[in-house]
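Engineer: Position 425 (the first sequence) corresponds to 425 in the numbering used here; numbering is contiguous. Beta carbons: idealized from backbone N, C-alpha and C, even for Gly. Got a structure for you, written out below as structure tokens; questions coming shortly.
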Amino acid sequence: MKSYNHRKIEKKWQQYWERKKLNLATADPKKKKFYDLIEFPFLSGEGLHVGHIRSYTAMDIIARKRRAEGQNVLYPIGWDAFGLPTENFAIKTGKSPESITRELTNNFRRQLKALGFSFDWSREVATSDPDYYKWTQWIFLKFFEKGLAYKKKMAINWCPKDKIGLANEEVVDGACERCGTPVEKRDKDQWMLTITKYADRLDRDLEAVDFLEKIKIQQRNWIGRSEGVEIGFRLQGLGFSEEIKVFTTRPDTLFGATYLVIAPEHEFVRKLMQNQESRIKNQDEVVRYIVLSKKKSEIERTAEGKEKTGVKLEGVSAVNPANQENIPIFVADYVLADYGTGAIMAVPAHDERDFEFAKKYKLQIRNVVAQLFVRNEGKDAWHSDEPEATRQAVACLVKHWQENKYLFLNKKGLSDSDERVVVAVSGGIDSKENPMTAGIREIVEETGYQKVKFVKALGSPIAFRYFALNGNQNRLTFLYPLYFQLTGSDQVSVSKREKILHDLVWVKEEEIKKYLEGGRGFNSVFWQRLKGEDVAYTGNGLLVNSGQFNGLGSADAKKKITEFVGGKIMTTYKLRDWVFSRQRYWGEPIPLIFCDACRKLVENYKSQITNSKQITNHKFSNGELMNPGWVPVLEKDLPVKLPKVKNYKPTDTGESPLANVSKWVNVKCPHCGGAARRETDTMPNWAGSSWYYIAYCISENLKSQAPISKQFPSPNIQKKIKHWLPVDWYNGGMEHTTLHLLYSRFWHKFLFDFGLVPTSEPYAKRTSHGLILAEGGAKMSKSKGNIVNPDEIVKRFGADTLRLYEMFMGPFDQHIAWSTESMIGPRRFLERVWKLGERITNQESRIKNPESKIVNHESLLHKTVKKVGEDIEALRFNTAVSALMILLNDFEKMPAVSKNHYEIFLRLLAPFAPHITEELWSFSNKTSIHLEPWPSYNPALTERGTGTLVIQVNGKVRANLPIDGELSAEEAKTRALELREIKKWVSDGTIKKVVYVPGRLINLVV
RNA sequence: GGGCACGUGGCGGAAUUGGUAUACGCGUACGGCUCAGAACCGUAUCCCGCAAGGGUUGAGAGUUCGAGUCUCUCCGUGCCCACCA
């Protein structure tokens, strides 16, 4: 037998598989379909990254296993071909982006083919192909027609180096994600896509998909759904009547709202500054502040250490609808214009930012939520049963407070007469919950507070029994004194103390004493007059109108208060609309035309053109027309191809290089025939990748000349789409969670609403791989020169070794540093697999080992079959490879290996190392190993234990007992006690207890 | 500041989900094959101890017959988001 030479066999089999069309996916309704997707590579000069290989190998293994299990697998590949790297390279070298793209594609294709991935190469697509972006443009026009794309002047993040507008997602720490240049704010006309209209569905539908939990969490965080209330504040002192709407999630703190803050960009501010009649006394000062805050870059705004600034509107005030109090109004940039209503009611007692601002400008801080919590199921339980225990508990709390009193003294703005005490009492704990989490849960439930941090429990919990009045359950309740401690009193900075203090609400000591002496109803401890007779605190920590709302739960009270002041329930999101313009060359042209004549028409005859289909007549919520004068390119003129330009350099004016191509730009308006200009912005990178998984299904139809509006819904294409979608399993990087993954879900939902795709979600399952770092743990980058070139590795070790190494190197979902040194392990393994081929036999007798390990050997084989299969599905490739290594070690100990066993082993290894297994298989088989069914196992053989019973004495292992089959507990005990090693430990005591786990261990407690 | 992970040999990491901690691999040491080499083969390899035995999963406590695994506190690390009312 020749020695293993990967260079000879790998290419051979790659060509064979391609010739035999082994990996083509044809829609076969008889088989179960499996759409297996990886993120197609973004073309750059660096070529294939070892990180691509990690993900692609993993999903290749799954594809191969599923094929072996008889499934109809689609595992496609293509190119994310538009983008800056290509464009920048074109500028540098003078080559055309098309030819660069061709070169890059060829290189990537060569590299991928050298690794033996079982892609269906017949479905290859490239986003920069006009046949492809014709569809991208068509989908964009649908967004436009539905009023989901709009052009608006807005402050965007502008990277002065790349000369490109950045999406929020592309700004990292106030700098450009790509080049690290600090981002500037620029007012620019930008095309926007209203992903916000889908925010609710993008959030809600996460429930139904099988995404890794951390991916769901990250997406939910990014969408940032928040439910609250919109409350109107009447203004006074103006020459006219006006109301400002604020957004709050805490209407129950309304009585604590002591001032109002509005964002500098708020419409009311603009209105006020323009209105000559307004009686703002410090108009100049306000204008100056607004100009200043606008000038601030993103970096300045964050780098200022969040020192809050603002300016008061002199001469105007707002009226708190809860108590009719007059409160001041501020303009401050710590309030964001585009979140909620762009205005807030400030409750300094219960919001950190408001607190900071109030301190600085010496504004009133009013506590309105009591934070002493009592859970008293069955109202009078406290008193009816064992009031003594309750009293003791509270006394204990007070005592602890007294002991630690000094921590809270000597503080700016806090004297002895101030309200203070920190307690949370929790009772009736769920069985598995611990007191701290139960306590926190109580607080959160009762008040809606999210920032509850437990610091320490003082003393031991006091338990007492009570009987609920309704029903006679005798229940043990624990009372826990939970303490918010200032760690290391002296070292704690003033700011930290203040923070903790302001998060809490203090209850007067004597009120607790009063309770202890008088035993009044617990709620009465919190009775406090606020204004007049009608407002009170309750034991729930809620501020309510005493007559009507007493004793309500937190949610109900919020609702009542909202009704009381006429507020409106409202949902807000952090998610912002998608900036869909770039002022660069290498991207899909936005297929729109601006016609001034049409614009005038639209603006002059708003009512008459409402029925015109070609002119969009959508309006913004404020009634302003959306996109007046913008006309879509006619479908027959799609695609709008990129024109040839002399220079790909971006212009300093912030226009795309396309703007200089007057022949291309100047066109006739498709609507009125007048002179018009094309849009010269191109689409962002995320456009083409938002629907590529659909393109794979219909790749052969992309180049058809028929109009897309006819093709897309046609039965021919719908049949294919319905056959393959949704994607069954999509693996990719975490870095795309809030970008590509969210964007493509958005596009998919939009297409779903048109009936063009069969499901509301594109991906049934999403998993994620960890990054491969450079040797030493740094991130791989061109500038550091630490990039591992897969070509060299393939040449030196072979594709199979590289694949195996990447699967074996560590847990798939964790980041891990590369180590070329360690590659020798998998390589040795493959060489030993190769050599094992010399020892195969059909003669059972030769296999028989004199030491008769044959039974365990058989069992190990079946266990391995089970483990490898399960590990692959769970992405535990490292342990799957390890199991194969263990099996090989076992094979090598045998005098000979049965052909049957060896072939099972090869079939298990085949998805990991497709070339060497194919070669070894071919020595005695005529067909491909990759057409063989996935091995099955005998469950009876996998369940067998190791054949030894572990014997413990007092939990320590003292001996092993070889056993066959099951023993009863009594037998096991007897057998164990016969052993000398055991006698030694048991002799001087009696056995108190025996714990027996059948087939595994026995523990003798002496 | 918020959220999510995580902490096991010289290194990458296993541990059937509460049941023999350190599997598998790298590295290292010694031996073999070899004129020689190692990308070969064999043996050993958590710590203390000659041994019997004892100790060990960031530190400390708790629950348990039994804890790397569950609970709590402390210490440390990584990632993501951050003025989101």
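#1: Just mark F620 as buried or exposed, buried being the case when its beta carbon has 16 or more other beta carbons within 10 Å.
#2: Could you have a look at M683 and say whether DSSP puts it in helix, strand or coil?
#3: Would you identify the three-state DSSP class for T105, choosing helix, strand or coil?
#4: Relative to the alpha-carbon of D813, which residue among W79, H6, I215 and D80 has its alpha-carbon at the smallest distance?
#5: So, helix, strand or coil for F812, using DSSP?
#6: Taking DSSP as the reference, what is the three-state secondary structure of G47?
#7: Determine, using beta-carbon pairs with one atom in the region 44-59 and one in the region 780-789, whether at least three such pairs fall under 8 Å.
#8: Quick check on the burial criterion: 16 or more other C-beta atoms within 10 angstroms. Buried or exposed for P589?
#9: When burial is assigned at 16 or more other CB atoms within 10 Å of the CB, is M345 buried or exposed?
#10: Measure the Cβ-Cβ separation of L272 and F330 and say whether it is below 8 Å.
#11: Nearest to N282 by alpha carbon, out of I195, G315, K779 and T253?
#12: Less than 8 Å between the CB atoms is what I'm expecting for C595 and G629, so what's the real figure, rounded?
#13: Of all the options V209, E124, H736 and V865, which has the alpha carbon lying nearest to the alpha carbon of S760?
#14: Have a look at I139 and R201 and give me their C-alpha separation to the nearest angstrom.
#15: H723: which of T948, K312, Y693 and Q190 sits nearest, CA to CA?
#16: Which residues mark the beginning and the end of the alpha helix (DSSP H) in which D791 is found?
#17: Report the residue from P85, N5, A68 and L22 whose alpha carbon sits nearest the alpha carbon of L43.
#18: Quick check on N938: does DSSP put it in helix, strand or coil?
#19: Taking only the alpha-carbon atoms, compute the straight-line gap between K151 and P684 and give it to the nearest angstrom.
#20: Checking 8 Å against the spacing of the C-beta atoms, do E356 and K308 come in under that value?
#21: Give me the Cα-Cα distance between R7 and F797, rounded to the nearest whole angstrom.
#22: What residues in its chain sit with their C-beta under 6 Å from that of E69, if we drop five residues either side in the sequence?
#23: How would you call E602, buried or exposed, if buried means at least 16 neighbouring beta carbons within 10 angstroms?
#24: Run through the DSSP bridge pairs and tell me what R678 is partnered with.
#25: Where does the unbroken beta strand (DSSP E) through R189 begin, and where does it stop?
#26: Less than 8 Å between the CB atoms is what I'm expecting for A263 and G342, so what's the real figure, rounded?
#27: Are the CB atoms of I62 and D36 within a distance shorter than 8 Å?
#28: Ends of the beta strand (DSSP E) at F247?
#29: Taking its Cβ as the centre, do 16 or more other Cβ atoms sit within 10 Å of E213, making it buried, or is it exposed?
#30: Can you list, in chain order, the residues of its chain with a C-beta nearer than 6 Å to that of A695? Leave out the 5 residues immediately preceding and following it.
#31: In angstroms with no decimal places, state the Cα-to-Cα distance between L193 and K863.
#32: Along the chain, where does the alpha helix (DSSP H) that runs through R907 open and close?
#33: Report the rounded CA-to-CA distance for L949 versus G955, giving the unit in angstroms.
#34: Taking 8 Å as the cut-off, decide whether the C-beta atoms of W79 and F119 are in contact.
#35: Measuring straight from C-alpha to C-alpha, what distance separates G310 and Y289?
#36: Sort K899, A687 and S99 by Cα distance to W135 and report the nearest one.
Structural biologist: Working from what's here:
#1: The sequence position of residue 620 within the first sequence is 620, counting from 1. F620 comes out exposed.
#2: In the first sequence, the residue the question calls residue 683 occupies position 683. M683: coil per DSSP, three-state reduction.
#3: If you number the first sequence from 1, residue 105 lands on position 105. T105 falls in the helix class under three-state DSSP.
#4: For the purposes of this step, residue 813 is taken as residue 813 along the first sequence, with counting starting at 1. Among W79, H6, I215 and D80, the Cα nearest to that of D813 is on I215.
#5: Mapped onto the first sequence, residue 812 falls at position 812. Reduced to three states, the DSSP call for F812 is coil.
#6: Numbered from its first residue, the first sequence carries residue 47 at position 47. Coil at G47, not helix or strand.
#7: yes
#8: Within the first sequence, numbered from 1, the residue matching residue 589 stands at position 589. Its Cβ being crowded by 16 or more others within 10 Å, P589 is buried.
#9: Within the first sequence, numbered from 1, the residue matching residue 345 stands at position 345. Flag for M345 reads buried.
#10: Here residue 272 refers to the residue found at position 272 of the first sequence. Here residue 330 refers to the residue found at position 330 of the first sequence. Contact: no.
#11: The residue given as residue 282 occupies position 282 in the first sequence. Looking at the Cα atoms, G315 is the closest of the given residues.
#12: Taking the first sequence and counting its residues from 1, the one referred to as residue 595 is at position 595. Taking the first sequence and counting its residues from 1, the one referred to as residue 629 is at position 629. Contact flag correct, Cβ pair sits at about 6 Å.
#13: Along the first sequence, read from residue 1 onward, the residue named residue 760 stands at position 760. When only C-alpha atoms are compared, the closest one is V209.
#14: The sequence position of residue 139 within the first sequence is 139, counting from 1. The sequence position of residue 201 within the first sequence is 201, counting from 1. Their Cα atoms are separated by approximately 20 Å.
#15: Position 723 of the first sequence, counted from the first residue, corresponds to residue 723. Checked all of T948, K312, Y693 and Q190; the closest Cα to H723 is Y693.
#16: The count along the first sequence starts at 1 and reaches residue 791 at position 791. From DSSP, the alpha helix (DSSP H) with D791 extends over P790 to F797.
#17: For the purposes of this step, residue 43 is taken as the residue at position 43 of the first sequence. Looking at the Cα atoms, P85 is the closest of the given residues.
#18: Within the first sequence, residue 938 is the residue found at index 938, counting from 1. It is coil, neither helix nor strand.
#19: The residue labelled residue 151 in the question sits at position 151 within the first sequence. The residue labelled residue 684 in the question sits at position 684 within the first sequence. Whole-angstrom Cα-Cα distance: 15 Å.
#20: By 1-based counting over the first sequence, the position of residue 356 is 356. By 1-based counting over the first sequence, the position of residue 308 is 308. Going by C-beta atoms, E356 is nearer than 8 Å to K308.
#21: Counted from its first residue, the first sequence places residue 7 at position 7. Counted from its first residue, the first sequence places residue 797 at position 797. Cα-Cα distance, rounded: 9 Å.
#22: As a working mapping, residue 69 is identified with position 69 in the first sequence. Here the set comprises W934.
#23: The sequence position of residue 602 within the first sequence is 602, counting from 1. It is worth fixing the name first, because residue 602 is Val in this sequence and not Glu. So V602 ends up on the buried side.
#24: The residue you call residue 678 lines up with position 678 of the first sequence. Beta-bridge pairing links R678 to I593.
#25: Position 189 of the first sequence, counted from the first residue, corresponds to residue 189. Note that residue 189 is Asp in the sequence shown here, rather than Arg. Residues E184 to L193.
#26: Taking the first sequence and counting its residues from 1, one reaches residue 263 at position 263. Taking the first sequence and counting its residues from 1, one reaches residue 342 at position 342. Indeed, because the Cβ distance is near 5 Å, the residues count as touching under 8 Å.
#27: The sequence position of residue 36 within the first sequence is 36, counting from 1. The sequence position of residue 62 within the first sequence is 62, counting from 1. Closer than 8 Å, so yes.
#28: Start at 1 with the first residue of the first sequence, and residue 247 comes out as number 247. Counting along the chain, the beta strand (DSSP E) containing F247 begins and ends at E243 to T248.
#29: The residue labelled residue 213 in the question sits at position 213 within the first sequence. E213 is exposed by the Cβ-count criterion.
#30: Position 695 of the first sequence, counted from the start, is the residue given in the question as residue 695. Around A695: V125.
#31: Stepping through the first sequence from its first residue, residue 193 is reached at position 193. Stepping through the first sequence from its first residue, residue 863 is reached at position 863. Whole-angstrom Cα-Cα distance: 53 Å.
#32: Here residue 907 refers to the residue found at position 907 when the first sequence is read from its first residue. Start and end: K899 to L909.
#33: The residue given as residue 949 occupies position 949 in the first sequence. The residue given as residue 955 occupies position 955 in the first sequence. Their backbone Cα atoms lie some 14 Å apart in a straight line.
#34: Position 79 of the first sequence, counted from the first residue, corresponds to residue 79. Position 119 of the first sequence, counted from the first residue, corresponds to residue 119. For W79 and F119, no; Cβs fall outside 8 Å.
#35: Here the question's residue 310 lines up with position 310 in the first sequence. Here the question's residue 289 lines up with position 289 in the first sequence. Spanning the two alpha carbons is a distance of roughly 7 Å.
#36: As a working note, residue 135 is residue 135 in the first sequence. If we check each option's Cα against that of W135, A687 comes out closest.
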